[in-house]
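To start, the structure under review is shown below, and the notes come after it.
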Amino acid sequence: MRGNPIREFVPDHLYFSLKSMGFLDERTIRDYYLKKKFENLRAQYSPRQIFGILQKEFPYICEDTIRKIIYTRRNTREEDEFNFSKESEEKWKVFAGL
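With the sequence shown counted from 1, adding 101 to any position gets you the working numbering.
This is the structure in structure tokens:
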């Protein structure tokens, strides 16, 4: 996983600034990346093949752990943390300089 895996939410310059200051949860970003990549590969490969592909990309994570990450749903509290109101979204854009 190189670059900005959450580009759809945070522009590159802001992502790398936040990352360099230690403000990003690397594990959460990695898990998001794994789930997104799994979804993108589903049309071409079987789940078993995808787990192998992801395990090669992240050799320090066993295939069973990748499977748990992919199939575990976030709880309601976590989802609420990521649901932004329109007002919050506008404040974030101002903060991010967008």
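Built from N, CA and C at the ideal position, the CB exists for glycine as well.
| Asked | Found |
| --- | --- |
| According to DSSP, is T173 part of a helix, a strand, or is it coil? | coil |
| If you draw a straight line from the alpha carbon of F124 to that of F117, how long is it in whole angstroms? | 10 Å |
| Tell me whether the beta-carbon of I130 lies closer than 7 Å to the beta-carbon of L142. | no |
| What is the DSSP secondary structure of S147, reduced to helix, strand or coil? | coil |
| My output table needs one value for E141: the three-state DSSP class, helix, strand or coil. | Reading off the sequence shown, one finds Asn at residue 141, where the question assumed Glu. N141 falls in the helix class under three-state DSSP. |
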